[in-house]
Amino acid sequence: MRRISLAIVALAMLGALASGCGGGGKVIVQNGEQISVNRTKYLKALDLQRKQDWFNALKEWDEVIKDEPRFALAHHNKAVCYDMMNFVPEALAEYELARRYDPNNSITLNNLGAIYLRADNRLNSAFDALQEALKLDPYRPSIHYNLAAAYLTSKDFDKALMHADTAVDLVAAPSKETENGLQKSVDLPMLARYLLRQA
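Going by numbering that gives the first Met the number 0, 119 is the number at position 120 of the sequence shown; the sequence numbering is gapless.
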């Protein structure tokens, strides 16, 4: 699910960056504020991240952030790299920076909630971030998955089941083109590992 969330954010930003800029800087609007992002550096970091070259992607995200420290998506993607390597404290710090610069990004809030679940004694923080994400984006299945994991951790099994059911309902697409009620594009082994890691 995180890979899908990253792809959605990356595509949105790629469209914003590609809309009228050469290889250098591009002014984008983030939270009503204009910031300048180096398109070439951004695309290089994104390409390395897509190739799952986490360490080199981190270096490139640092270059993007050096040019514009308030660029929330760069902090978000840097956090994703750390998260994929299971560097929880580093991912947590970057997701928190992304949240500070773009507080209404439901994907960042969802990922922040998921990383709080893996951090020691941060269950309340996980609930806060995930509830915020849910208010912004009630139809995102991964938010419901993470809320199910949070409620499971807190032993509130009824709410865990409710959110798990909601998540499945949101991705279920009963038809001849689906398997197990889920879209064929859903990577079931990855989904299983993700859910087990959250519990």
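Every residue gets a Cβ at the ideal spot worked out from N, C-alpha and C, and that includes glycine.
(request) Identify the continuous beta strand (DSSP E) that holds Cys33 and give its terminal residues. (result) Residue mapping note: residue 33 aligns to position 34 of the sequence shown, counting from 1. For the sequence presented, residue 33 should be read as Gln rather than Cys. Note, Gln33: beta strand (DSSP E), Glu32 to Asn37.
(message) I need the boundaries of the beta strand (DSSP E) containing Val26, first residue and last residue.
(response) Along the sequence shown, read from residue 1 onward, the residue named residue 26 stands at position 27. For Val26, the enclosing beta strand (DSSP E) has its first and last residue at Gly24 to Gln29.
(request) Enumerate in chain order the residues of its own chain whose CB-to-CB distance from Gln51 is below 8 Å, with the five nearest sequence positions on each side excluded. (result) Taking the first residue of the sequence shown as 1, we reach residue 51 at position 52. Around Gln51: Met83.
(request) Have a look at Ser105, Asn103 and Cys80 and flag the residue whose alpha-carbon is nearest the alpha-carbon of Glu93. (result) As a working note, residue 93 is residue 94 in the sequence shown. Taking each of Ser105, Asn103 and Cys80 in turn and checking the Cα distance to Glu93, the smallest one comes out for Cys80.
(request) State yes or no: is the C-beta of Gly112 within less than 9 Å of the C-beta of Ala90? (result) Along the sequence shown, read from residue 1 onward, the residue named residue 112 stands at position 113. Along the sequence shown, read from residue 1 onward, the residue named residue 90 stands at position 91. Not a contact, by the Cβ cut-off of 9 Å.
(request) Taking Ala159 and Ala147 to be in contact with their CB atoms under 8 Å, please state how far apart those CB atoms are, rounded to whole angstroms. (result) Mapped onto the sequence shown, residue 159 falls at position 160. Mapped onto the sequence shown, residue 147 falls at position 148. About 5 Å separates the two Cβ atoms, so the contact holds.
(request) Using the Cα positions of Tyr138 and Thr165, report the straight-line distance between them to the nearest angstrom. (result) As a working mapping, residue 138 is identified with position 139 in the sequence shown. As a working mapping, residue 165 is identified with position 166 in the sequence shown. One C-alpha to the other measures close to 9 Å.
(request) Could you tell me whether the Cβ atoms of Ala71 and Asn30 are closer together than 9 Å? (result) Translated into the one-based positions of the sequence shown, residue 71 becomes position 72. Translated into the one-based positions of the sequence shown, residue 30 becomes position 31. Cβ atoms of Ala71 and Asn30: closer than 9 Å.
(message) Taking 7 Å as the limit between beta carbons, can you name the residues of its chain near Ile114, skipping five residues before and five after?
(response) Position 115 of the sequence shown, counted from the start, is the residue given in the question as residue 114. Asp82, Val87, Ala90, Leu91 and Tyr94, listed in sequence order.
(request) Using three-state DSSP, classify Ala118 as helix, strand or coil. (result) Stepping through the sequence shown from its first residue, residue 118 is reached at position 119. In this structure, Ala118 counts as coil in the three-state DSSP scheme.
(request) Select from Val36, Glu59, Thr39 and Arg38 the residue whose C-alpha is nearest the C-alpha of Leu47. (result) Counting from 1 along the sequence shown, the entry for residue 47 is found at position 48. The shortest Cα separation from Leu47 among Val36, Glu59, Thr39 and Arg38 belongs to Glu59.
(request) With a cut-off of 8 Å on the beta carbons, I'd call Leu116 and Asn145 a contact; round off their distance for me. (result) Here residue 116 refers to the residue found at position 117 when the sequence shown is read from its first residue. Here residue 145 refers to the residue found at position 146 when the sequence shown is read from its first residue. 7 Å between Cβ atoms; contact.
(message) So, with DSSP's three-state summary, where would you put Ser18?
(response) To locate residue 18, count along the sequence shown from 1; it is residue 19. Residue confidence for Ser18 is low, a pLDDT of 41 falling below 50, so the modelled location carries little weight and cannot support an answer.
(request) Could you check the C-alpha separation between Leu169 and Pro140 for me, to the nearest Å? (result) Walking along the sequence shown from the start, residue 169 turns up at place 170. Walking along the sequence shown from the start, residue 140 turns up at place 141. Approximately 6 Å, taken between the alpha carbons.
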